[in-house]
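Numbering (UniProt numbering), first residue to last: 1 to 246. Structure first, commentary second.
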Amino acid sequence: MRYTLLIFLSFIIFVYGQTINNIRLSDHTTYIVDLVQKTVDRAQKHNWSSLKVEDVVLDINEEVLNKTVRGTVTLKNGFVVSMQNLALIQHTVQQVWLYTRSTNLTNLELRSTMVMHGVTIGYELDGVFEDRKYHNTGTITYPTIQFQIALIKNLYTDELSSRVVPLLPRTTNRMQFLPQDEYGQILSYLYDWNSTFTSVSTWANDVFAPIALDLAKTEHPIPSFCYDCPGWKPNSTLHLKTNIEI
């Protein structure tokens, strides 16, 4: 299944440090868009197999219809089942100049926020209820998962670094089980939607951040600076095309 990632940019935000005047990247918007596009392309090269989902263990001791249900279930082999689309939040595409007075250093941060829409994560379930083995499969869908991406350049040393901060907004969606049974109904209420956050943090720190940094160091270097150059106006619409096959 193929998706198109669209970003509509109607304006640019510049933030200047205290000692920087009339200096900027000549076209930071296109650079950031391309950087995120290349990062996504590399991450989904093997059907998002690098986006691992950690196991979750649930201990059950519940009263159901005047009956005590006890057991332990492990949700394992988690993976990204599907994703509706990817997008960039337009007003987050920025170049930010940060001056630190104590060190007299300035960093350039190229920022954006990538949003995954309609991310469904699936698990296999293995467990034991009252000495009976239990097997099932389950999925939960997150309306959005966000990643605040920053590529950072120390303007004194030229050192590059990257930072990706994950955001997993609260959802009222519950885990769905196939086939449905009485144990699945109990588990759907016991599963904590935030259990996935540790895995999403790993995607940010171990997948997206290293890829973006490697791209900036190798095939997608930061463009040159523009000094006292006239104001640059972006195209009103930029299209990112990415093939996401899951």
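Note that CB positions come from ideal geometry on N, CA and C, so glycine has one too.
Item: Whole-Å CB distance - D27 paired with P223, under 8 Å assumed; Value: 6 Å
Item: Secondary structure of K38, DSSP reduced to three states; Value: helix
Item: Nearest neighbour of K67, chosen from I186, L213, D206 [CA to CA]; Value: I186
Item: Same chain, Cβ closer than 6 Å to A209, five either side skipped, listed in chain order; Value: S162, V164
Item: Contact check, K76 vs E124, beta carbons under 8 Å; Value: yes
Item: Residue burial classification, R24 (beta-carbon count within 10 angstroms, cutoff 16); Value: buried
Item: Range of the contiguous alpha helix (DSSP H) that encloses Y183; Value: 182-190
Item: Whether I121 touches V80 by CB criterion (8 Å); Value: yes
Item: For L168, the first and last residue of its enclosing beta strand (DSSP E); Value: No beta strand (DSSP E) holds L168; DSSP gives it neither H nor E.
Item: Three-state class that DSSP yields for H239 in the structure shown; Value: For H239, the predicted structure reports a pLDDT of 43, less than 50, and the residue's modelled location is therefore unreliable. A value from the coordinates is still provided. Of the three classes helix, strand and coil, the one that applies to H239 here is strand, per DSSP.
Item: Enclosing alpha helix (DSSP H) for F197 [first to last residue]; Value: 197-202
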